[in-house]
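K.L.:
Pasting a structure here, questions to come.
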Amino acid sequence: MTVAEYNKSVEDHSDGVYRFILKNIKNDDKARDVVQDTYEKLWLKVEEVSAEKVKSYLFTAAYHTMIDMIRKEKRVTGYEAEKHDKPSHSEHYTGLSQILEEAVAKLPADQRSVIMLRDYEGYSYEEIAGITGLTESQVKVYIFRGRMFLKNYIGSIEAVI
Amino acid sequence: MTINRNNFEAYLLDYLEGNLDPLLTADLMAFLAENPEFEKSIPDYDTRISLSNTQSYNHKGMLIKDFTDLPEVTAGNFDEFCIAACEGLLVESDLTRLSDYIRLHPDKQRDLDLYRKITLQPDLTVRYPGKNELKKKQGSTNLRYLYYALGVAASVALLFMLVLRRPAGTVYTETAPVNSGKMKNAVQLPDVLPPHNETIQPESETSAGKFLQMPEISKNPDTAPVEETREFPAWQALAKLEPVLDMKVFTSVQPPPVTDHLAKTAVTDKNLVQKRIYTGNTFADTRIGSLFNRIDFWKTAETAISGFNYLTESNISVDRITDDSGNLTSLLIQSDSYTITGKIK
Chain A
1 MTVAEYNKSV
11 EDHSDGVYRF
21 ILKNIKNDDK
31 ARDVVQDTYE
41 KLWLKVEEVS
51 AEKVKSYLFT
61 AAYHTMIDMI
71 RKEKRVTGYE
81 AEKHDKPSHS
91 EHYTGLSQIL
101 EEAVAKLPAD
111 QRSVIMLRDY
121 EGYSYEEIAG
131 ITGLTESQVK
141 VYIFRGRMFL
151 KNYIGSIEAV
161 I
Chain B
162 MTINRNNFEA
172 YLLDYLEGNL
182 DPLLTADLMA
192 FLAENPEFEK
202 SIPDYDTRIS
212 LSNTQSYNHK
222 GMLIKDFTDL
232 PEVTAGNFDE
242 FCIAACEGLL
252 VESDLTRLSD
262 YIRLHPDKQR
272 DLDLYRKITL
282 QPDLTVRYPG
292 KNELKKKQGS
302 TNLRYLYYAL
312 GVAASVALLF
322 MLVLRRPAGT
332 VYTETAPVNS
342 GKMKNAVQLP
352 DVLPPHNETI
362 QPESETSAGK
372 FLQMPEISKN
382 PDTAPVEETR
392 EFPAWQALAK
402 LEPVLDMKVF
412 TSVQPPPVTD
422 HLAKTAVTDK
432 NLVQKRIYTG
442 NTFADTRIGS
452 LFNRIDFWKT
462 AETAISGFNY
472 LTESNISVDR
482 ITDDSGNLTS
492 LLIQSDSYTI
502 TGKIK
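Laid out in structure tokens, this is it:
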């Protein structure tokens, strides 16, 4: 990859990587740090990573950097303690997007990541498996579980409203 | 995943009976997909269940790519069909079957609508603010390599110089400093040295015309040594020096003891005195020493190591270990596969 291609990857993909990380960890400074670290890793491998695979490389590096950061800070989102079929929620909402955002925040990190990679970036199950290090079957299961939870969450909110 | 080889049969039975929770169904299917040997053993488990012919077994939900394998939409697989529809995994015929099912069960329409609503949409107004800082200028790669390569080369060269040239502790100088600041004693070798077996005539002070002024050894090393000088031919003075019989090889970290050196270079003529005067000067007082003192060797070593790591993709680190009073006691060199500790005397 040339320097021009590297700079183009900054222009093309840094927003997507940033949104993906920011949505996961909900911390602007840390999301910026992850993006910076990710591009630093890319720069170190700039001669090995092809321009065609740079997006996948960036999301893979960002995902693992984020996971490492979460593990270090022991800030894993505490969804595991919650029940899938009994989503908790607040009572005041302004729209579906807000409800959905709250529901996504309650997803376990793995489910949230694979669903965001699927919806935000349009990755295939195979590509998501490559990025996250999960098997394709796990990716499907996580997406299935995540969708079920989101649907139940929104359904319960709609019922409340 | 809660399903394993010991309990999957229980889950399988629940599934076949239509009593398995959708989430556990997904778990079961994932387990079977990853452990096909259990899939083959299932017909032997219960002859009442001819799995290969049942719709339940063929119903692998999200784990199969072709939903046309599923004979019909049921309450048990409705969610999977809905999710597959939203994921774009259903072909036209599958979508038709899903529509037919909803037509027969209108209350399910709301579920399908909810699934359609939960597709996440990125907020495109959120943009990374530091793009310009991430971008690189043309040639940065080469400069970076050059920087590290030069860093490594320079550091290695400096360290070699340090090891080879820098003695530890008090050292001697070949030329003694004098109080006046002027060097009175200059060695000038004769143009032609006498044959090796020629008798030395120490008294022939008038010969050769090239003379060496030798100062008296000062008993007090802090005072000026030169009070009286005698002149004699330089080649005679050189010939008077006896060879060092048991010369030791000293490294830079172990300089020759001053007393040893003096003892082995005895002068036969007591009137002749050695020019060498030993002082308390250290290497740091020399020009090279002062140059070294201006170099932060720890930073130099860090630069060398970071450059080495970059160029070789290694992960070597060096740490300093100090005692309670802050004195350096040892160095710790670590890599992925080894750790070396070197104590500092």
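Chains as they are written, first to last, in the numbering used here: chain A, 1 to 161; chain B, 162 to 506.
Glycine included, every Cβ here is placed at the ideal spot set by N, Cα and C.
Everything numeric in this text was worked out from a predicted model, so none of it was measured.
With hydrogens ignored, establish whether the beta-carbon of Ile99(A) is closer than 6 Å to any heavy atom of the ligand HEM.
P.N.:
The ligand HEM is not among the ligands present in this structure, which contains no ligands whatsoever.
K.L.:
Residues in the same chain with beta-carbon distance under 6 Å from His13(A), minus the five sequence neighbours each way, listed in chain order, please.
P.N.:
The sequence position of residue 13(A) within the first sequence is 13, counting from 1. Excluding sequence neighbours, His13(A) sits near Lys55 and Leu58.
K.L.:
Which of helix, strand or coil does DSSP assign to Asp480(B)?
P.N.:
Position 319 of the second sequence, counted from the first residue, corresponds to residue 480(B). Residue state, collapsed to three classes: strand.
K.L.:
Quick one: using the 10 Å Cβ neighbour count with 16 as the cut-off for buried, is Val252(B) buried or exposed?
P.N.:
To locate residue 252(B), count along the second sequence from 1; it is residue 91. So Val252(B) ends up on the exposed side.
K.L.:
Does any residue of chain B bring its CB to less than 7 Å from the CB of Lys86(A)?
P.N.:
The residue given as residue 86(A) occupies position 86 in the first sequence. For Lys86(A), the predicted model reports a pLDDT of 45, less than 50, meaning its position is unreliable; a value from the coordinates is still stated below. By this cut-off, Lys86(A) is not an interface position.
K.L.:
If we cut at 7 Å on Cβ distances, does Gly95(A) have a partner in chain B?
P.N.:
Stepping through the first sequence from its first residue, residue 95(A) is reached at position 95. Taking Cβ atoms only, chain B never reaches closer than 7 Å to Gly95(A), which makes this a no.
K.L.:
Answer yes or no: do Val34(A) and Lys292(B) have a C-beta to C-beta separation smaller than 7 Å?
P.N.:
Locating residue 34(A) in the first sequence gives position 34, where the first residue counts as 1. Locating residue 292(B) in the second sequence gives position 131, where the first residue counts as 1. No.
K.L.:
Give the secondary structure of Gly95(A) by DSSP, where H, G and I count as helix, E and B as strand, and everything else as coil.
P.N.:
Position 95 of the first sequence, counting from 1, holds the residue named residue 95(A). In the structure shown, Gly95(A) sits in coil (DSSP, three-state: anything other than H, G, I, E or B).
K.L.:
Could you give the distance in angstroms between the alpha-carbon of Gly146(A) and the alpha-carbon of Ser316(B)?
P.N.:
As a first step, residue 146(A) must be located in the first sequence, where it is residue number 146. As a first step, residue 316(B) must be located in the second sequence, where it is residue number 155. One C-alpha to the other measures close to 55 Å.
K.L.:
For chain B, find out if any of its Cβ atoms is closer than 7 Å to the Cβ of Asn24(A); answer yes or no.
P.N.:
Looking up residue 24(A) in the first sequence gives position 24. No, Asn24(A) does not count as interfacial toward chain B.
K.L.:
Apply the 10 Å Cβ neighbour rule to Gly122(A) and answer buried if 16 or more other Cβ atoms are within range, or exposed otherwise.
P.N.:
As a position in the first sequence, residue 122(A) is number 122, starting the count at 1. Under this definition Gly122(A) is an exposed residue.
K.L.:
Quick check on Ile494(B): does DSSP put it in helix, strand or coil?
P.N.:
Working through the second sequence from its first residue, we reach residue 494(B) at position 333. Residue state, collapsed to three classes: strand.
K.L.:
Are the C-beta of Lys30(A) and some C-beta of chain B separated by less than 7 Å?
P.N.:
Taking the first sequence and counting its residues from 1, one reaches residue 30(A) at position 30. Chain B, which has no Cβ nearer than 7 Å to the Cβ of Lys30(A), makes this no.
K.L.:
Beta-carbon of Ser491(B) versus every beta-carbon of chain A: anything under 7 Å?
P.N.:
Looking up residue 491(B) in the second sequence gives position 330. By this cut-off, Ser491(B) is not an interface position.
K.L.:
Counting contacts by CB-CB distance shorter than 7 Å, is Ile494(B) in contact with chain A?
P.N.:
Translated into the one-based positions of the second sequence, residue 494(B) becomes position 333. Not an interface residue.
K.L.:
Where Ile157(A) and Cys243(B) are concerned, what is the direct C-alpha to C-alpha distance, given to the nearest angstrom?
P.N.:
For this step, residue 157(A) is matched to residue 157 along the first sequence. For this step, residue 243(B) is matched to residue 82 along the second sequence. Their Cα atoms are separated by approximately 20 Å.
K.L.:
Under a three-way DSSP split, which group does Ala246(B) fall into?
P.N.:
Within the second sequence, residue 246(B) is the residue found at index 85, counting from 1. Of the three classes helix, strand and coil, the one that applies to Ala246(B) here is helix, per DSSP.
K.L.:
Only counting the same chain, and skipping five residues up and downstream in sequence, which positions put a Cβ closer than 6 Å to that of Ala103(A)?
P.N.:
If you number the first sequence from 1, residue 103(A) lands on position 103. Closer than 6 Å at the Cβ level, and outside the excluded window around Ala103(A), lie Leu150 and Tyr153.
K.L.:
Report yes or no: is there a C-beta of chain B within less than 7 Å of the C-beta of Glu82(A)?
P.N.:
Mapped onto the first sequence, residue 82(A) falls at position 82. Per-residue confidence for Glu82(A) stands at a pLDDT of 42, beneath the threshold of 50, marking its modelled position as unreliable; no derived number is given.
K.L.:
When you compare the CB positions of Leu295(B) and Gly155(A), do they come within less than 7 Å of one another, or not?
P.N.:
Sequence index remark: in the second sequence, residue 295(B) carries index 134 (1-based). Sequence index remark: in the first sequence, residue 155(A) carries index 155 (1-based). Not in contact: Leu295(B) and Gly155(A) (Cβ atoms no closer than 7 Å).
K.L.:
What residues match up with Leu489(B) in a beta bridge as DSSP calls it?
P.N.:
Taking the second sequence and counting its residues from 1, the one referred to as residue 489(B) is at position 328. DSSP, once it has assigned bridges, lists Thr483(B) as partnering Leu489(B).
K.L.:
Where does Asp15(A) land, buried or exposed, given buried means 16+ other C-beta within 10 angstroms?
P.N.:
On the first sequence, residue 15(A) is found 15 positions in, with the first residue counted as 1. Buried, since its Cβ has 16 or more Cβ neighbours within 10 Å.
K.L.:
With respect to the beta strand (DSSP E) encompassing Ile70(A), which residues constitute its N-terminal and C-terminal limits?
P.N.:
On the first sequence, position 70 is the one that residue 70(A) refers to. It is not in any beta strand (DSSP E) - Ile70(A) instead sits in the alpha helix (DSSP H) that spans Val54 to Glu73.
K.L.:
Is the stretch 128 to 148 of chain A touching the stretch 104 to 112 of chain A, taking contact as three or more C-beta pairs under 8 Å?
P.N.:
Taking 8 Å as the limit for Cβ pairs, the verdict is that the stretch 104 to 112 of chain A does touch the stretch 128 to 148 of chain A.
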